[in-house]
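Position one of the sequence shown corresponds to residue 14 (this note's numbering), numbered consecutively onward.
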Amino acid sequence: MTTVLPQIPKVPQSLLLIGAKKKDGLDFCKQLLGPTHIAKIDSGNHPDLHHYIPEGKSGLHPMANMQRLIRETALPPFEAKRKIFLIEEAEKMLPSSSNALLKTLEEPPEGAYFLLLSDHPDLLLPTILSRLYPLSYQIQEIPPLDVT
């Protein structure tokens, strides 16, 4: 598991994990929630981890999901000290979905953390990008060493 949290003095509540895959996002969630919650995260049954993926034939995040996410932010965590909202392929949010989420990202409720995963952050609305703390997971190619 890649440790990211010690590199950030105070973890922002709204993060953009650029180039992160589902596993990276879940590893980040494990660090945010703590070691006692790992088994439930791995089983997909943690009540304080809300996972959103694009749906349907369109492969987009429907407005109904973002509305559900916003409603969930008003509720306190069940088991952990925090609630995490993991949004995979965030660039696939409809503009209406993004705009609905905007106010929540601007003023996140205490204890709510938003992790947006994206390979194409340039496709996110600029207003959404401006509210997120970016962390890059992109692997840079290192040229081979010349040992001759």
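Beta carbons: idealized from backbone N, C-alpha and C, even for Gly.
Query - 8 Å Cβ shell around Gln153 - same chain, five flanking residues per side excluded - result: Counting from 1 along the sequence shown, the entry for residue 153 is found at position 140. Per-residue confidence for Gln153 stands at a pLDDT of 48, beneath the threshold of 50, marking its modelled position as unreliable; no derived number is given.
Query raised in the report: Going by alpha carbons, who is nearest to Ser27 out of Tyr150, Lys116 and Leu136?
Result: Position 14 of the sequence shown, counted from the start, is the residue given in the question as residue 27. Of Tyr150, Lys116 and Leu136, the residue nearest in Cα terms is Lys116.
Report task. Would you identify the three-state DSSP class for Pro147, choosing helix, strand or coil? Result -> Position 134 of the sequence shown, counted from the first residue, corresponds to residue 147. Pro147: strand per DSSP, three-state reduction.
Query raised in the report: Roughly how many whole angstroms lie between the Cα atoms of Ser111 and Pro134?
Result: In the sequence shown, residue 111 corresponds to position 98, counting from 1. In the sequence shown, residue 134 corresponds to position 121, counting from 1. The alpha-carbon atoms of Ser111 and Pro134 are separated by roughly 13 Å.
Query raised in the report: Where does Leu128 sit, in a helix, a strand or coil, going by DSSP?
Result: Against the sequence shown, residue 128 aligns to sequence position 115. Looking at Leu128 - three-state DSSP - the assignment turns out to be strand.
Query raised in the report: Expressed to the nearest angstrom, what Euclidean distance is found between the alpha-carbon atoms of Asp61 and Leu137?
Result: Within the sequence shown, the letter at position 48 stands for residue 61. Within the sequence shown, the letter at position 124 stands for residue 137. Distance between the alpha carbons of Asp61 and Leu137: 25 Å.
Requested in this report: Could you check the C-alpha separation between His63 and Ser149 for me, to the nearest Å?
Outcome: As a working mapping, residue 63 is identified with position 50 in the sequence shown. As a working mapping, residue 149 is identified with position 136 in the sequence shown. Distance between the alpha carbons of His63 and Ser149: 22 Å.
Query raised in the report: By a C-beta neighbour count over all protein chains shown, 10 Å radius and 16 as the cutoff for buried, is Ser170 buried or exposed?
Result: A query on residue 170 cannot be resolved here, the shown segment of the chain reaching from 14 to 161 and no further.
Query - Separation of Ile83 from His74, as counted between CA atoms - result: The sequence position of residue 74 within the sequence shown is 61, counting from 1. The sequence position of residue 83 within the sequence shown is 70, counting from 1. Using only the alpha carbons, I get a separation of about 14 Å.
Report task. For Phe98, name the three-state secondary structure that DSSP assigns. Result -> The residue you call residue 98 lines up with position 85 of the sequence shown. In this structure, Phe98 counts as strand in the three-state DSSP scheme.
Query raised in the report: Rounded to a whole number of angstroms, what is the C-alpha to C-alpha distance between Arg81 and Leu114?
Result: Translated into the one-based positions of the sequence shown, residue 81 becomes position 68. Translated into the one-based positions of the sequence shown, residue 114 becomes position 101. Whole-angstrom Cα-Cα distance: 10 Å.
Query - Inter-residue CB distance, Lys96 and Gly124 (contact presumed, cutoff 8 Å) - result: Stepping through the sequence shown from its first residue, residue 96 is reached at position 83. Stepping through the sequence shown from its first residue, residue 124 is reached at position 111. Yes, they are in contact, since the Cβ atoms of Lys96 and Gly124 sit about 6 Å apart, within 8 Å.
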